[in-house]
Amino acid sequence: MSSSSQPVPSSKTKLDQKLKSYNSLQPTDKTKEFLRDFFKVLSPDGKNNLAEDVSECADDETMRQLVQSIRTGLLIPIKARGGKTPTEITPSPRPGVDDSIENLKSLNIEPINRSPQSKLRDHCLERDGNKCVATGHYNYNSQHPRNALTTHLEAAHIIPFALGSFEATSGEAVDRHAKIWVNLTRYFPILRRMSFTSENLNQERNVMMMDPQLHTEFGQLRVVFEATRLPHQYRIKTFADTATVAIRDLPRNRLVRFKVHMGRWELPDPRLLEIHACIGNFLHMSGQAEIIDKVLKKFEDCGGLAPSGSTNVADLLAASSLSLLPSNFNETSDSQKSTEKHRPLEKQEPLQTRPTGTENRPWE
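Residue numbers for the sequence shown follow UniProt numbering, beginning at 1 and rising by one.
This is the structure we're talking about:
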């Protein structure tokens, strides 16, 4: 058989072949597990890109650098509360990434601000019927039935507002913004096909009304919405670290269906909700949710600086005793205990009934 007729290996085969040759430095080195878990949650085109990036890693150290670039340039920024996050992003080792960053910077994307959010909130309240999309609680200051449960609803961004807020006059901030979005579009290429950039974050399709406590859990990716076979119907998924008070009034079967109650505003985009769900699922199956929470808490406790007085994520990881990459950071016995414990199980009430056709079908 000629070389031109050889079957093209699947993205999973390419990934597995490369990871098979990886030599873990210590039992606490979870580089292979990180990449396998991340691969699992991605769409087919995202899987292809990750498999290609892993295959092109020249050596084990480069593969560890790739993991760090995903952690610091995608996961930590997306999970940071209020955009407070270490500024350092590990450069991705993949070929061509610098060109991608420069190309994005050349678009001169403008930062977003909160000035239009009052109108955006009004639009989403109207669309969502003055109710939380998940609990059905009404907004306190809006028209609602007598004796209805009310709260002060908040506008929850699916892709975080903080990913579009940066100082346009700071070269460092512009560079950081570009690196994050290059990572996002690399592993979630649907964003490119949607022509969705950070300038689109303050759009109705990226926002939905929520109870304040549920908004917090959703923003921390401890609550995600997984698509079912029915248009705009989702199964709400929670995890072991989800605050129970925030989810006590969710539907018992955890199913919700979005609809336009008034106006002509777009519903929350299923593709954006799928990206949010994929990242949330990865954070919890891989144990990265706990690690990143520790890093960000240490960052906040140190007044926005690592223990060394820098914004170096490596220092923060070392101080958190939760580094998964021992080649870069000091290992402790606490690290091994933390990373080798059982992964958190999903916390969910048993379904009373499961309607036909509600299985998850990601990335259709």
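Here a beta-carbon is modelled for each residue, glycine too, at the ideal position from N, C-alpha and C. Note that this is a predicted model, so its numbers are computed, not measured.
Review point. Closest by CA to isoleucine 291, which one among Gln68, Thr13, Glu61 and Ser21?
Key: Of the candidates Gln68, Thr13, Glu61 and Ser21, the one whose C-alpha sits nearest the C-alpha of isoleucine 291 is Gln68.
Strand pairing of alanine 227, partner residues [DSSP]
According to DSSP, which records beta bridges pairwise, alanine 227 is partnered with Tyr234.
- Item | Pair within 7 Å by beta-carbon distance, methionine 209 and leucine 74 | Cβ atoms of methionine 209 and leucine 74: not closer than 7 Å.
Quiz item: What number of angstroms, rounded off, separates the C-alpha of serine 335 from the C-alpha of leucine 163?
Solution: A caution first: serine 335 carries a pLDDT of 36, below 50, which makes its placement in the model unreliable, though a value can still be read off. The straight-line gap from Cα to Cα measures roughly 30 Å.
First through last residue of the alpha helix (DSSP H) which encompasses methionine 63
Segment 60 to 70, the alpha helix (DSSP H) holding methionine 63.
field: Unbroken alpha helix (DSSP H) run spanning methionine 285, endpoints
entry: Element bounds for methionine 285: 270 to 286.
Out of Glu199, Pro268 and Asp293, point me to the one whose CA is closest to asparagine 113's CA. Cα-wise, what sits closest to asparagine 113 is Glu199.
Taking the alpha carbon of asparagine 206 as the reference point, which residue from Leu230, Pro231 and Leu120 has its own alpha carbon closest? Nearest option by C-alpha distance: Leu120.
Inset, instruction - Could you tell me which of Ile76, Arg235 and Ala168 sits nearest to leucine 296, measuring between CA atoms? - result: The shortest Cα separation from leucine 296 among Ile76, Arg235 and Ala168 belongs to Ile76.
task: Mind reading off the beta-carbon distance from valine 223 to threonine 242? Whole number of angstroms is fine, and I expect it under 8 Å.
output: Indeed they touch by this definition, with Cβ atoms about 6 Å apart.
Three Cβ pairs or more, each shorter than 8 Å: is that satisfied between the region 35 to 42 and the region 277 to 290? Taking 8 Å as the limit for Cβ pairs, the verdict is that the region 277 to 290 does touch the region 35 to 42.
* With distances taken from CA atoms, which of Thr28, Val8 and Glu33 is nearest lysine 20? -> The shortest Cα separation from lysine 20 among Thr28, Val8 and Glu33 belongs to Glu33.
- Task: Take the Cβ of lysine 259 as the centre, count every other Cβ of all protein chains shown within 10 Å, and call the residue buried at 16 or more, exposed below.
- Result: The residue in question, lysine 259, is exposed, as its Cβ has fewer than 16 Cβ neighbours within 10 Å.
Other residues of its chain near glutamate 56: CB distance less than 7 Å, five sequence neighbours each side excluded: So the qualifying residues of the chain are Arg94 and Pro95.
* To do: Just mark proline 211 as buried or exposed, buried being the case when its beta carbon has 16 or more other beta carbons within 10 Å.
  => A small correction: the amino acid at residue 211 is aspartate; proline does not occupy that position in the sequence shown. Buried: at least 16 other Cβ atoms inside 10 Å.
query = Excluding sequence positions up to five away, which residues of its chain have a Cβ less than 6 Å from the Cβ of leucine 15?
reply = Cβ within range, chain order: Phe39, Ala51 and Val54.
Length at least 3, wholly inside the region 76 to 143: the beta strand (DSSP E) runs in chain order
With a minimum length of 3 residues, no continuous beta strand (DSSP E) run stays inside the region 76 to 143.
Proximal residues to lysine 79 (C-beta, below 8 Å), its chain only, five neighbours per side dropped: Non-local C-beta neighbours of lysine 79 in its own chain, meaning closer than 8 Å and more than five positions away in sequence, comprise Gln220, Leu221, Leu283, Ala289, Ile292, Asp293 and Leu296, ordered along the chain.
DSSP on arginine 257, reduced to helix/strand/coil? Collapsing the DSSP output to three states places arginine 257 in a strand.
Check your understanding: In its own chain, which residues sit with a C-beta less than 7 Å from the C-beta of proline 116, not counting the 5 before and 5 after it?
Key -> Hits under 7 Å: Asn202.
Using a Cβ-Cβ cut-off of 7 Å (strictly less than) and excluding sequence neighbours within five positions of alanine 155, which residues of its own chain qualify?
Only Gln117, Leu120, Arg121, Cys124, Val207 and Met209 meet the Cβ criterion.
- request: Kindly indicate which three-state DSSP category alanine 246 falls into: helix, strand or coil?
  value: Residue state, collapsed to three classes: helix.
Does DSSP put alanine 156 in a helix, a strand or coil?
The three-state reading of DSSP puts alanine 156 in strand, counting E and B together.
My understanding is that serine 106 touches valine 182, with C-beta atoms under 8 Å, so please give their C-beta distance in whole angstroms.
That belief does not hold up - the Cβ atoms of serine 106 and valine 182 are roughly 12 Å apart, past 8 Å.
Practice prompt. Specify, as a first and last residue, the run of the alpha helix (DSSP H) that valine 207 falls within.
Written response: Taken as a continuous stretch (DSSP letters only), valine 207 belongs to no alpha helix (DSSP H), being part of the beta strand (DSSP E) at 207 to 210.
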